[in-house]
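**Q**
Residue numbers (our numbering), protein chains in the order written: chain A, 5 to 320; chain B, 5 to 320; chain C, 5 to 320; chain D, 5 to 320; chain E, 5 to 320; chain F, 5 to 320.
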């Protein structure tokens, strides 16, 4: 399992309505899968890198759908655990209007939340160039939280690069609960990704200036901090130097997955030894392509597509 | 809430695949609702009777879908409880082949399982002609089981007719667990409905002769026992007299809901004072129409349709 | 307009539900077109014959859909009248169960019912080998009835073969109203097609023996009478000689259009001078192919398909 | 039937194409329902108010679809009349391009047009806080017009608030025909809603200044006049005082239903005693949410959604 | 075959994905047809002109689909050749993002590429007012190229107007290969249509000023040259006089077919003797309507629609 | 690549119509993949065995769809060759009636036909327990034929079991052309699978008795010959002993893939050392499950499903 990126987390079955309108109207839905970490992993393999995802799924058709999809996308699933005791979690996605989606979870007692330290194997973590984690996983359960910290510890021992995307989810915990845990993650991470809003929650300051936010997170230990600002691009704190990542023009169709596709673009380039500046440009392009296509991960681009667009207008 | 039939139980959101094949292939699904007791209630109102359903749903779009559907079908929902603490349960239906469907539940910690004795109001039970219950509800939780027995007790005190459909669900409990509870229900019921297989489980005899099965259940106390035999019709034990209910020819498209539509036809006629024999003929016709249409309850007939078919071949 | 078959009548827009179930559930429908006479005309052209249809449509998109479809199928539409004063009629088709369809009309004040004698041009009727009419048209309106009789008169004068398919529609008139008119049609027709039920209505005898029915219709004047018996084949009275048309095995999917496709097969062969016996065999094959495909006319076969199946089992 | 709002009018079955393009191409359609007054009624109940609709439907599946939908949305249908003599009207909606929809009616001889004074019961009108009518109903038939005036008279006698939305429909009558009738309605109304274009038609002045238009309508008698200006907001004449209702930003997907959802928002707040200014703000928010979702009424918001958006950007 | 416009070329079966995303995800597609020349022909007939298309299709269902569609749209297909030796070509259309479509061809050995000089009949070419050709056809095969030049020669001899739309396709040939052939076409054409990019390829100058481009093409011989600039309108060189065609505002949904609908609008007006200026205004309106509807040709307008929009904002 | 089964051949993109009817009507299709050998390979992995497929695909989205699907189904694709010079082949599937499907190919110059001996690597063939080939591949091209014989040679040298399924395709070659090649394959195979019709073609005897057919094929060299008889089961010649494989009852929905799923069931059991008798029983069960689900391979069962059904009625 020598891969560019290994990542741990929960992936769920996704039911998304085909029509815009309240879910209570019933009717046509699509069954697919969704999970922040698997979006990153698929992004990495589409770009020509290699990636492994480790998580727990139930011994059910939704779990098998997740495994089928990951294998189709060439994500290594050797470490995946199948737990016959709990169902794979679900996510219902209502498209309330042309540009508002609402999500509800059936993940409280899911297989995914049973991720535990014993699922984090040294031989997996140490053979990956980069360990990627999100701030969702420690909010799932005590055992999942322990798994996250064990992975960070193993990576640190082996000298691997670690990346944490804060991914604060208000449905899972309060800012108060999240803050100390996310702080611990940041301290252990080489790379930290946050939206401007997450940075505000963490620093407890109301939507601070993104440069200040990046700087204040950077002071906690990471080598590289990226504060993402949606259509306004991003700000990076690179070992003390601040610079802006200009936004890529995009025809926005589905904003979900923007952050994870950004992470994928960044990590695959970092893994290949490119400079942060180059990697951030790749990241912005990957995100711009992905949001122009419905689905969290379906529109992730190949390396050829990204190269074609570098410097150019993104897919229009 | 003066209704012909009141019923208590759990109703869930239903995701059913539009294509035949393993669910793991993903793709198009339909969102609707499913629940044995609400199928009975809708069957009653479609036939011109009045019905109320009492259960607990979450404060979510799936819960609202259930309420919308019941109101559309003129089922009284005044007693429904909305519980903001738990999600409405879900049911995933895989159509594995032309005639095999498989079901998986997300109901373990659902709102529906939180049905409790305090939701069973005397003014509801005593104003209904018939109280209908299924053997599913006592398997959901301790509180649901207590609710069921409280409803039976209130009905008995008020001299209301009580009906129990055994509806044994192996996903919820073992025969060993189910047997003593179902026995208690039968003892308290005026009318008992069972499939031949359920009768066998209950009597612990391997697929006994249906006449014997009906008789042995009849001896437990009910006035009327119906042992349903699918395409072979049914056998009724009516206060000691045994007679057969001939099967109605039907173009079977979706067997789910057959038993509940049978119950609806029976109860609406019993409520109107028809003889068991008449009521059983109605029941068989209602079931034959319903299974010729996809969906648990969507194809339930009106009284006019049933009258048109009485004596005739069922919808062909 | 030198064609094998010319036919007059009403064609409507058809809304058919995509799912089986009561129409009141709403949801997906398909918009297409339907009309007994145009099914015959399309049947003729698919089999390599030529056909013209004359009728009135509104100056609206549904009327244009009808014209588009007929042109696509190479039916001559030169005689079609576009009436800006009335809308094209509609037909709603509910698929109530696997094998019961129910139809409701929006044709009371439709353009199609405004068919009138002035739309029946001598140069059209006299240049066709066969004039085909159905018993629906005289039930639409006074003017439509007059048009039908004018067409028969013109054909008689020019010595053209005339064919009438009784097509009794209970939604349009009572047997009492229909009988005298249909009698007049039969007297003026060379070829008469009737279902066994229609023959019974006309002769006022309860489901008479098909041979007797054919004989009694034959005595009214036609050269050839066919009494159709669905899955049991047909009976023909050919200038005094009775013979049976054996049924063709078919995987029945949609019985609508069976009679009209039978007529198409018969007429195209009669127009080419084949014997009644040969023509009836073609007719039975064409009907068997058409009912194995959903839609009134979509599944009509080519001559090559019919030849391939002659003597063989029909498409299975 | 003590409700906040009672409304009288016609509701039809709606066939809407699923794809953009001329309807003549045929193919997939959706069957639902549409009617200005029922959109208002659903808007009121979604916002937590109570509403009743009174109209006539046919004894057919389309009529039953309308009743199912209204009950699902908790609109009181006790006063609805089922007329077995006429079919429920239909409306075909062509989506000619991304932002042009075209509508054609099958309502000339519909059940809905048979609304008559005897369907307007004093006990209904006098138990509602507000009577809402549209300018469509008096254009349907003589009896419908009489019904409208009877309702206004009964409301006046009982001291109820009356609201009229002009809703001029060029397919039903000419400006010349409409003007005197609409003038009579305005004189009898406490609240009058008009688009800027309708105000111009009525005042016979080419697109007058909205303030002038509101003033000139206000002088006819109403307490409150609102002239709606689409994306530019609205102008209100409140007992002599003019003020602007600023537009709410919205991602426009389907403009149909904008006016009716505005009315719903206004009336529910007026019924609860809020000031016109507050009510107009609610109205604008409700409309902005509704047009961001396809369908006339499907996207109408709950009170919670409106409160969340008050002062904020509307659903984006 | 006395028609306004005759055109020669290849038309293919089109598989277009229903969802946006990489084609590799599989799933729902739509089967239709596509071809530059048939889009022009349909545009002409929709506008009330007459048109014939000549090409080769295989003896297969895709070929029959093309013929059905053209007949439905009243395009004369008398000259179409059915070649049993080769399949009708295919085109797969991937919708990669909200506004990027990608196309791949299965036309290498298709029936369409077998168009040959013997399919170009003098009686066809000389009876048409205008001969329209695209720069695609000479790139298909040697015989197709010869057919194109034979058609031009026959038209020149008969004094017919000739129109060439450059339609450069990089999948079929390189600029180097295309240039000499396209030059020859231009020299023989009365009317030449080119995009600004095509003009640049041909003149070998990097995106020259559109006025210069039109002038330099005009000097090669044509009477009228139009350089199309997408959303910025067009520039025309009319026998030495340059003028601008202002763009029409349009809600762009599907840009494919814009150029061909422009050609249709231009040619139908030229055929009716309108001035180039008038014809170009029609052309711009037709294109604006067509791109507001998905599909290459489905949204082409009628003359009534164009007249309604002349001077007005295009369908919005 | 140590696998139970390795197989060589062509897999194509599949466009299958969603509705029954002539393909010329256009409309909704599904894009998936189809290939006899990949159906076998997927059958093997679903049953818990391991399998590799080697073939050539184009560098296009259809090729990527094939690779995605195979990886999803855990088929080893290491040996697959991507050829940028030719497109992946296509297959169009028309559902002409409820039980007749018709297929047309776009494979003449496809990537798949470019399979060549250099793609058959010794390290692949010798590491598989069984080599499986079909009679389709030698009909594709000279190089594909050479590849097939090279694979057989390598397997013979390494002492691997070889299996050939005759799979005669009349669209690719005549019986005359096929016979000598298929004879050569049979001589080199340990296991031979043929339908009764294929056996007749090969032995040039009109539908011989299946026992005779099996015997005569068996005399050519194989250890095991199976003559498949559809709904009547199969006949096996096992090293001289003849025995019958009883048919499994099945609700037939889609017969395509029946033979390949039979092969998969047989080979996975042979690879695990089960007796031919056991393996044939598995084979019949696997086929019966697969034909009860639409799609060539989508319905292939897991080992658990097969075990559950062994001795029982197949999925009903």
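We put the CB at the ideal spot given by N, CA and C, even for glycine. A quick note: this is a predicted structure, and the numbers were derived from the prediction, not measured.
Answer with buried or exposed for residue 163 of chain B, where buried requires no fewer than 16 other C-beta atoms within 10 angstroms of its C-beta.
**A** One-based indexing of the second chain puts residue 163 of chain B at position 159. When all chains shown are included, residue 163 of chain B counts as exposed.
**Q** Output, in chain order, the set of chain B residues within a Cβ distance shorter than 7 Å of residue 296 of chain F.
**A** The residue you call residue 296 of chain F lines up with position 292 of the sixth chain. Under the 7 Å cutoff, chain B gives 101, 102.
**Q** Can you check the stretch 111 to 163 of chain C for any alpha helix (DSSP H) of at least 4 residues that lies completely inside it and give the ranges in chain order?
**A** Counting only runs of 4 or more, we get 126 to 129, 146 to 162.
**Q** Does the distance from the C-beta atom of residue 286 of chain A to that of residue 303 of chain A stay below 8 Å?
**A** Position 282 of the first chain, counted from the first residue, corresponds to residue 286 of chain A. Position 299 of the first chain, counted from the first residue, corresponds to residue 303 of chain A. Contact flag unset, no.
**Q** Helix, strand or coil, according to DSSP, for residue 166 of chain B in the structure here?
**A** Here the question's residue 166 of chain B lines up with position 162 in the second chain. Three-state DSSP puts residue 166 of chain B in a strand.
**Q** Can you give me the Cβ contacts of residue 228 of chain E inside the same chain, cut-off strictly under 6 Å, excluding the 5 residues immediately before and after it?
**A** For the purposes of this step, residue 228 of chain E is taken as the residue at position 224 of the fifth chain. 195, 242, 280.
**Q** Given 7 Å as the limit, tell me if residue 166 of chain E has its C-beta closer than that to any heavy atom belonging to the ligand ADP.
**A** Among the components of this structure there are no ligands whatsoever, and the ligand ADP is therefore not found.
**Q** Can the beta-carbon of residue 85 of chain C be found closer than 8 Å to that of residue 46 of chain C?
**A** Walking along the third chain from the start, residue 85 of chain C turns up at place 81. Walking along the third chain from the start, residue 46 of chain C turns up at place 42. In this structure, residue 46 of chain C does not lie closer than 8 Å to residue 85 of chain C by Cβ.
**Q** Using 8 Å for Cβ pairs, my map puts residue 6 of chain F next to residue 161 of chain F. What's the rounded Cβ distance?
**A** On the sixth chain, residue 6 of chain F is found 2 positions in, with the first residue counted as 1. On the sixth chain, residue 161 of chain F is found 157 positions in, with the first residue counted as 1. At roughly 17 Å, the Cβ-Cβ gap does not stay under 8 Å, so residue 6 of chain F and residue 161 of chain F are not in contact.
**Q** Name the chain E residues that come within less than 8 Å of residue 42 of chain C, Cβ to Cβ?
**A** Residue mapping note: residue 42 of chain C aligns to position 38 of the third chain, counting from 1. Ordered by position in chain E, no residue passes the 8 Å Cβ test against residue 42 of chain C, which lies about 14 Å from the chain.
**Q** Taking Cβ positions only, does residue 23 of chain A come closer than 8 Å to chain D?
**A** For this step, residue 23 of chain A is matched to residue 19 along the first chain. It does: the Cβ of residue 23 of chain A has a partner Cβ on chain D nearer than 8 Å.
**Q** Determine the extent of the alpha helix (DSSP H) in which residue 265 of chain B is found, giving its start and end residues.
**A** Residue mapping note: residue 265 of chain B aligns to position 261 of the second chain, counting from 1. Element bounds for residue 265 of chain B: 262 to 275.
**Q** Compare the C-beta of residue 307 of chain B against all C-beta atoms of chain D and say whether one is closer than 8 Å.
**A** Indexing the second chain from 1 puts residue 307 of chain B at position 303. Output row for residue 307 of chain B: interface = no.
**Q** Do residue 125 of chain C and residue 102 of chain F come within 8 Å of each other at the CB atom, strictly closer than that value?
**A** To locate residue 102 of chain F, count along the sixth chain from 1; it is residue 98. To locate residue 125 of chain C, count along the third chain from 1; it is residue 121. Not in contact: residue 102 of chain F and residue 125 of chain C (Cβ atoms no closer than 8 Å).
**Q** Applying a beta-carbon distance threshold of less than 9 Å, which residues of chain C neighbour residue 253 of chain D?
**A** Taking the fourth chain and counting its residues from 1, one reaches residue 253 of chain D at position 249. Those do not exist, as residue 253 of chain D stays about 32 Å from chain C at its closest Cβ, beyond 9 Å.
**Q** Can you grab the Cα-Cα spacing for the pair residue 252 of chain A / residue 217 of chain A, in whole Å?
**A** Residue numbering aside, residue 252 of chain A sits at position 248 when the first chain is read from its first letter. Residue numbering aside, residue 217 of chain A sits at position 213 when the first chain is read from its first letter. Whole-angstrom Cα-Cα distance: 22 Å.
**Q** Leaving out the 5 sequence neighbours to the left and right, which residues in its chain are closer than 8 Å to residue 152 of chain B when beta-carbon positions are compared?
**A** Residue mapping note: residue 152 of chain B aligns to position 148 of the second chain, counting from 1. The answer, listed in chain order, is 12, 137, 141, 142, 189.
**Q** Helix, strand or coil for residue 96 of chain B per DSSP?
**A** By 1-based counting over the second chain, the position of residue 96 of chain B is 92. Reduced to three states, the DSSP call for residue 96 of chain B is strand.
**Q** Determine the chain F residues that contact residue 242 of chain E at a beta-carbon separation under 7 Å, and present them in chain order.
**A** Against the fifth chain, residue 242 of chain E aligns to sequence position 238. Ordered by position in chain F, no residue passes the 7 Å Cβ test against residue 242 of chain E, which lies about 40 Å from the chain.
**Q** So is residue 171 of chain C buried or exposed if we call it buried at 16+ other beta carbons inside 10 Å?
**A** Start at 1 with the first residue of the third chain, and residue 171 of chain C comes out as number 167. The residue in question, residue 171 of chain C, is buried, as its Cβ has 16 or more Cβ neighbours within 10 Å.
**Q** For residue 27 of chain F, which residues of its own chain have a beta-carbon under 7 Å away from its beta-carbon, when the five flanking residues on both sides are left out?
**A** Translated into positions along the sixth chain, residue 27 of chain F becomes position 23. Around residue 27 of chain F: 21, 96, 98.
**Q** Spell out the partners DSSP gives residue 232 of chain C in its beta bridges.
**A** Here residue 232 of chain C refers to the residue found at position 228 when the third chain is read from its first residue. The partner list for residue 232 of chain C (beta bridge, DSSP) reads C/199, C/238.
**Q** Return the chain-ordered list of same chain residues with a C-beta closer than 8 Å to the C-beta of residue 311 of chain B, the five sequence neighbours on each side being excluded.
**A** Start at 1 with the first residue of the second chain, and residue 311 of chain B comes out as number 307. Once the five neighbours on either side are set aside, residue 311 of chain B has no close Cβ partner at all.
**Q** In three-state terms, what does DSSP make of residue 216 of chain D?
**A** Stepping through the fourth chain from its first residue, residue 216 of chain D is reached at position 212. Helix.
**Q** For the beta strand (DSSP E) containing residue 24 of chain C, name the first residue and the last one.
**A** Locating residue 24 of chain C in the third chain gives position 20, where the first residue counts as 1. Per DSSP, residue 24 of chain C belongs to no beta strand (DSSP E) and is neither H nor E.
**Q** Taking only runs of the alpha helix (DSSP H) that begin and end inside the stretch 37 to 114 of chain A, which ones reach a length of at least 4 residues, in chain order?
**A** Counting only runs of 4 or more, we get 40 to 50, 65 to 76.
**Q** Does the stretch 64 to 79 of chain C come into contact with the stretch 65 to 76 of chain E, if we say contact requires no fewer than three beta-carbon pairs (one atom in each stretch) closer than 8 Å?
**A** Judged by Cβ distances under 8 Å, the stretch 64 to 79 of chain C makes contact with the stretch 65 to 76 of chain E, as three or more pairs qualify.
**Q** Flag this pair as touching only if the stretch 290 to 303 of chain C and the stretch 53 to 62 of chain D have three or more C-beta atom pairs under 8 Å; answer yes or no.
**A** Output reads no: the stretch 53 to 62 of chain D does not touch the stretch 290 to 303 of chain C.
**Q** Give the C-beta separation of residue 284 of chain D and residue 249 of chain D to the nearest angstrom, bearing in mind that I take them to be a contact with Cβ-Cβ under 8 Å.
**A** Counting from 1 along the fourth chain, the entry for residue 284 of chain D is found at position 280. Counting from 1 along the fourth chain, the entry for residue 249 of chain D is found at position 245. That belief holds up - the Cβ atoms of residue 284 of chain D and residue 249 of chain D are roughly 5 Å apart, short of 8 Å.
**Q** Given that a residue counts as buried once 16 or more other Cβ atoms are within 10 Å of its Cβ, and exposed if not, what is residue 34 of chain D?
**A** By one-based count along the fourth chain, residue 34 of chain D stands at place 30. That one is buried.
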